[in-house]
Structures are given as structure tokens and as C-alpha cells.
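Numbers 1 to 412, taken from the numbering used here, label the letters of the sequence shown in order.
Glycine included, each C-beta is placed from N, C-alpha and C at the ideal position.
This structure is a prediction, so every number in the text was calculated from the model and none was measured.
Shown next, in C-alpha cells, is the structure this report addresses.
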Amino acid sequence: MSKLAINGGIPVREKPIASWPIFDNKEKEYLLKAFESGEWGKLSGKMNDEFERQYSKFQQAKHTITVCNGTVALRIALFASGIGPGDEVIVPSYTFIATATSVIEANAIPVFADIEYDSFNIDPESIEKQITPRTKAIIPVHFGGAPCNMTKIMEIANRYKLRVIEDGAQAQGSMWDGHCIGTFGDSGTFSFQSSKNMTSGEGGAIVTNIDSIAEAIYSFHNCGRRQGSPWYFHFNMGSNYRLSEFQAAILLAQLEREENNIALRRENASYLLQLLSDIEGIEPLVYSKEVMSSNYLFIAKYDSDKFCGLPKAKFISALNAEGIPAMEGYPFPLYKQPVFSEKNFLAKDCSPKERSLYLPEMNYKDLYHPNAEKACKNGFWFPNYLLHGSKKDIETVAEAINKIKCHLPEIK
Ligand SMILES: Cc1ncc(COP(=O)(O)O)c(C=O)c1O
């Protein structure tokens, strides 16, 4: 076996597994249509309307409202569920920052819960431990595209009368127990940012089955207007979070092939699972039978002891050098991010004393969630586009890991 690529050897693969994003003439055709129509904004064009209709069908939801990204989608969803000052919202400590900062933006209080080490998703038992009389909502995140245990989460939410907003930024088309994610609770949010399974560069959407929530979302994303009311009437707080017609045009084309893409990723994910399960020290996540994942990420745990103590960061660099895209994942749980540990919630440069006045009851610095800590230490991710290759491409992933294993003494 040749020298490791990280040490100047020939990589296992020289060509990328798949190019990203995936597009063809459909995107061009719809973009041109939007362009030539001269109606480039959401309120006068047809692309957003059509995408909202199609996406509702895809997500088995009554309403979809497109918005400009997955971060504001969360903030709007919180607003529509009536979350505000003094309300505590339970979020996982292993997720993208927006899940937690959107709660701050809604003037509410993020309270972190630990995750399950089996699925890297929020742990229902940990949710229940965080509930206080001020708890108003839970934001489960369907991490990597794999749905949370929505049966247990909805049981807890119903028992304590909590609102549920699903963060499905990574989980377009995913299902829990045969039911599309997004409408188990009040609403579900999605991201179409450039790495997501369906993308328009930036973009987002919110789905709901509840008419009054849909009305509130519409109003908040359109400057506090109400449908059918005069243009300069603003009934409540809101802003301009509308998606452009060009982005909606691209999303319409992306949506048309998403079912096939999900099927391809699922098939390749199960092949990769089979191949990696044979490698000591690599343990792919295995989900419960209710999970139908969109496979935004393929997640595995790395045991450095089985790789002669090779640190995860070095392992990932060696894998990347062999031509295999892989990521280390989050460096630490969200409560260790300076925005939380230092309570840097205000835009202005303020003193530690001023900072401590904000959410004085919260001390994020002292939190320690064993599973989230372990997930950050040992977890690593393969991106969605790796699952768009052929069977032979998938085999090169195992080949590269085995090559690294055979050359461990050579890695410094
Ligand atoms: C779990 C999660 N929530 C929210 C977001 C925010 O979405 P956006 O980047 O579109 O604002 C992301 C994006 O990466 C995400 O992964």
C-alpha cells in the first residue's frame, strides 16, 4: 500500500466523489422564467407560491411559508408560538448555534439539554430534567437529518403543556415513525443554505398544520402585515424575511429530484454503514427503526485508542488528504461557546458586570453534559455529497480508513 497522502503519497482518490451543489438545466429553466417574468419579489411573483404548495405536499404539511434562512425561520416560529421575555426554551447542547441564539433573539431564555450518545439527538430524559414553571417550549433538532424520538418528546410536551418547534434545518423529507418531521408540534423550520440537501445558496421555510400559527408566521416574515390588508398597515412586530423569486425558482427544481436523492443517499448510507462496521475504532451511529433519515450527514464515532492514539483532528486531516471529505464536527457543546459562557448577548461592547445583568439566573459556564461532550470529542461527519457517489466511490471511504490504519506509525 502506497505512502499516506498526508505524507506526500498518492491519495486513494484524486477525483472528488461528487460535485456540489447538484443541479441541471431545470434550475436554469426556472431561474430564467423568474428573470423574464420581471416579478422578482415574493409578493408579486409565482415561484414562491408554487414552491410553498409543492413543499407542503413533500412535507405532508398544511402550510409552508418560505423565509430568507433557517436561522430567522426559528426566530419567526418562536414568535408565532407566543414565546417571549421570561420564557425558557429547551434546546440540545449539540447543534448549530442558531438553534440556541434564535431563542435569545426572541427575548427568551435558552436552557440546554444533553443528547443521547446513540443518536446525537436531544435526550427526552434530559429534557424532562430541565423543565421548570417557566419552561414554555422545546426545540428538538433532527440532527444530521435523523429525526429525534418525537413520540417521547410529544408525550412530555403534552404532559407539561409545552410548545414544540422542530428544527429540521438538516432534515428535509425525513420521517419519524412514518410521519414527516415538522408538524408534530406547532411548526417545523428548514434551511436551504448551501450545504443543505436542497439548496438555493441561502433560504429557509417553516411548515405548520395550524392556521393561526401560519397567519402569525406570514405576518412576522412580511413586516407585520396581514394577508389581504392594505400595504402600509402593520399590525404587530415583524420584519422583511421574504425569500426572492430567484431562490424559490432554484428550490422548485431542487425539490423535483429530492425524493430520488434521498433514496440514493439512503442506499449508499446503508452500504457505508456495513463497510465501516467492520473497522475497529469506527462506530457509525445506528438509529432506531422509526427513523427515516434524509442523510444530510453520515455520523460515526472515532476511538483513537484503536488508532494507536491518533487524535481525531489528525485522522480527519489524513482522510481528507486521501480525497475523502470528512469533518470533525462541533469542537465543544454550545454552552462552551463564548456567546453563552461569556453571555455576549448584546451587540454593544459592555463590561462583564453589564453582561451579567442579562439572564442573571443562567450560568452557562458551569454546565457539563457528558454525552454532548463525548459527541464533540469522538463524533465525526461525512457530508451528504459523499453519499451521491457510486458503490465503488463508497468503497474508497473504507479503503482510505484502512490505509490510514496500516500506516499509523508514520503519522506525526
Ligand atoms: C440545526 C440547524 N439549525 C439552524 C440552522 C440555520 O440555518 P441557516 O444557515 O439557513 O440560517 C442550521 C444551518 O446550518 C442548522 O444546521
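Ordered along the chain, which non-local residues of its own chain (more than five positions away) have a Cβ less than 8 Å from that of residue i?
i      : result
Phe184 : Met150, Ile153, Met154, Val164, Glu166, Trp176
Leu255 : Phe51, Gln54, Tyr55, Phe58, Met198
Asn320 : Ala326
Tyr335 : Ser93, Phe112, Ser341, Tyr364, Lys365, Leu367, His369
Glu410 : Lys3, Leu4, Asn7
Glu354 : Leu346
Could you work out which residue in the options is closest to residue i when comparing CA atoms only?
i      : options                        : result
Lys301 : Leu78, Gly8, Ser277, Cys308    : Ser277
Leu10  : Asn121, Ala318, Trp40          : Reading off the sequence shown, one finds Ile at residue 10, where the question assumed Leu. Of the listed residues, the one whose Cα sits closest to Ile10 is Ala318.
Ser441 : Phe382, Lys3, Thr132           : Here the chain has residues from 1 to 412 only, and residue 441 is not among them.
Lys136 : Phe246, Asn107, Ala326         : Asn107
Leu386 : Asp303, Cys308, Arg265         : Arg265
Ile250 : Arg134, Pro21, Lys353, Gly84   : Pro21
Ser174 : Asn48, Asn240, Tyr287          : Tyr287
Phe429 : Ile262, Ala400, Lys353, Gln227 : The structure shown has nothing for residue 429, since the chain only spans 1 to 412.
Thr95  : Asn240, Phe143, Glu125         : Phe143
Arg257 : Gly309, Gln172, Pro85          : Gln172
Ala98  : Ala73, Gly188, Asn240, Ser304  : Ala73
Val422 : Pro133, Ser212, Pro85, Gln170  : Lying outside 1 to 412, the shown extent of the chain, residue 422 is not represented and no answer is given.
Ile115 : Pro333, Gln337, Phe380, Glu410 : Pro333
Glu290 : Gly168, Gly309, Ala146, Cys223 : Ala146
Glu361 : Leu31, Arg134, Phe35, Leu275   : Arg134
Lys412 : Gly309, Leu31, Lys374, Glu354  : Gly309
Ile262 : Gln274, Glu27, Ala313, Leu297  : Leu297
Asn240 : His221, Gln227, Arg225         : His221
Between residue i and residue j, what straight-line distance do the alpha-carbon atoms span, to the nearest angstrom?
i      : j      : result
Leu285 : Asp118 : 6 Å
Ile210 : Glu105 : 23 Å
Pro331 : Phe233 : 46 Å
Ile127 : Glu283 : 26 Å
Lys299 : Ser229 : According to the sequence provided, residue 299 is Ile. The question's Lys does not apply to it. Approximately 48 Å between the Cα atoms of the pair.
Leu252 : Asp349 : 43 Å
Asn384 : Asn295 : 6 Å
Ile90  : Ser44  : 38 Å
Ser191 : Cys148 : 17 Å
Lys42  : Ala157 : 35 Å
Lys129 : Val103 : 19 Å
Asp186 : Ile139 : 11 Å
Ile83  : Leu408 : 52 Å
Lys33  : Arg242 : 19 Å
Pro311 : Glu328 : 11 Å
Phe345 : Val339 : 6 Å
Leu417 : Asp87  : Given that the chain is displayed from residue 1 to residue 412, the structure contains no residue 417 and the question cannot be resolved.
Met292 : Gly182 : 14 Å
Ala372 : Glu125 : 14 Å
Thr235 : Ser351 : Per the sequence shown, the amino acid found at residue 235 is Phe instead of Thr. Roughly 37 Å separates the two Cα atoms.
Asn25  : Thr189 : 28 Å
Cys376 : Met237 : 38 Å
Gln337 : Phe120 : 18 Å
Asn260 : Phe380 : 26 Å
Leaving out five residues before and five after residue i in sequence, what residues of the same chain have Cβ atoms less than 6 Å from its Cβ?
i      : result
Gly414 : No information on residue 414 is available, as it lies outside the stretch 1 to 412 that the chain covers here.
Cys180 : Gln59, Gln60
Ile217 : Ile65, Ile76, Ala80, Ile206
Tyr160 : Ile131
Arg13  : Gly323, Thr396
Ala214 : His63, Thr208
Ala5   : Pro11, Ala321, Glu322
Asn268 : Leu387, Ile394
Asn378 : Lys301, Tyr302
Ile279 : Ile401
Trp40  : Glu245
Gln193 : Glu202
Short of 7 Å in beta carbon distance, which residues of its chain neighbour residue i, apart from the five on each side in sequence? Order them along the chain.
i      : result
Tyr271 : Lys391, Ile394
Gly178 : none
Leu359 : Ile109, Lys343
Asn48  : Lys42, Thr66, Leu243, Glu245, Ala248
Glu307 : For clarity, residue 307 is Phe in the given sequence; the question names Glu instead. Hits under 7 Å: Gly281, Phe315, Lys405, Leu408.
Ser219 : Arg225, Arg226, Phe235, Asn236, Gly238
Given 7 Å as the limit, tell me if residue i has its C-beta closer than that to any heavy atom belonging to ligand 2.
i     : result
Gln59 : As presented, the structure is devoid of ligand 2, carrying ligand 1 as its sole ligands.
Is any heavy atom in ligand 1 found nearer than 7 Å to the beta carbon of residue i?
i      : result
Val67  : no
Thr132 : no
Gln337 : no
Ser191 : yes
Gly70  : yes
Leu319 : no
Gly86  : no
Thr95  : yes
Ala313 : no
Thr101 : no
Gln170 : yes
Does any residue of chain E bring its CB to less than 8 Å from the CB of residue i?
i      : result
Lys405 : Among the chains in the structure shown there is no chain E, since it carries only a single protein chain.
Evaluate the contact criterion for the segment 203–218 versus the segment 66–75: three or more CB pairs, one atom per stretch, below 8 Å. Yes, the segment 203–218 is in contact with the segment 66–75.
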